[in-house]
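Counting with mature numbering (1 follows the signal peptide of the UniProt record, and there is no 0), you get residues -16 to -1, 1 to 255 for the letters of the sequence shown.
Worksheet for the structure shown next.
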Amino acid sequence: MKEILLTFLLITASHASRVVREHRCISPAGEDMCILQEVFYNRSTTDSVFPQNYSHIHIGSDTTRTFQSLVPLLDGQLFRELGEPQALELINVKLKTLEIPRKLVLGNFVDNSLREFWLEPGEMAPALSYLDLSRNEVSNLTNISSLVNLESLYLVGNDIEHIAPNTFAGLTKLKMLNLNHNDLKMIHGADLPPSLIWIRLADNSLESLDAVELKLPLLEYLDISNNHLTTLKGAELIMDKPNLREVHFGGNRFDLATVKKVTDLFQRHNV
């Protein structure tokens, strides 16, 4: 009997020590958008109550630290607590663990401490079409292929040195890919999905680019500036790309003859 009473008292004390924190949207915000500030999410000590019925939720910290938020993880539980919004932005909140909810359509997780991410377990096809993981610490893209409805992917300013074969396999809807400011030394065009229309690879360490491998018939925009390229086969680059209108290739190690030859070729083809 004493043991039962002691257990009851411990449970009661545990619940009594928890904090309930109710969050409200910052005004003004859009009719369907809720902006939250000063969110310190720790479900081991705090019961957080969030506004419901918003399709777009933004939680962040500003760079001047006028206000700050701390959300170290996103998983299915937090997503449900937030009311399962279609669009979710967690910006500069020290996010370290990211389990992408299957119902999420737009995810913006810029300026955090992410090294990896994965898809929430389940059978429903992931709805995610837009993902921004810029300025994190991502080096491994192993789980990206599971996001089969992805159309826009931003990975600017991470620690990506290598893209393994089949990394983008299955991403048949991917249109926009931004890998600026990583440390890529090589990328195989054969590993890029043919659905791409816009690619940025600037400010990496690319030493070679096989233009023949770039089987991208829908491509409109390509940025390979500020790399370590010494050769560029312009004719092969524009081959079978009738929609190509813009190519940025400055800041590499081309000689003047190559620059002139490629520039003249692009101008003749309205690129």
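The C-beta atom is built at its ideal place from N, Cα and C for all residues, glycine as well.
Given the structure is predicted, the values throughout are model-derived calculations rather than measurements.
For the stretch 187 to 245, the full-length alpha helix (DSSP H) segments reaching 4 residues or more read 218 to 222 along the chain. Judged by DSSP secondary structure, residue 65 falls within the alpha helix (DSSP H) whose first and last residues are 60 to 65. Closest by C-alpha distance to residue 87, out of 213, 72 and 6, is 72. A check of alpha carbon separations from residue 237 across 150, 19 and 193 identifies 193 as the nearest. Taken atom to atom, the span from the alpha-carbon of residue 98 to that of residue 123 is near 9 Å.
Residue range 30 to 33 is occupied by the beta strand (DSSP E) that includes residue 32. Each of 176, 140 and 168 was checked against the Cα of residue 153, and the nearest Cα belongs to 176.
Only residues of its own chain outside the window of five on either side were considered, and among them 118, 119, 162, 164 and 165 have a CB closer than 7 Å to the CB of residue 140, listed in chain order.
Judged by pairs of C-beta atoms under 8 Å, the stretch 238 to 245 does not touch the stretch 219 to 227, as fewer than three such pairs exist. Secondary structure at residue 127: helix, using DSSP grouped into helix, strand and coil.
A distance below 6 Å between beta-carbons, with the five flanking residues on each side excluded, links residue 208 to the following residues of its chain, in chain order: 185 and 233.
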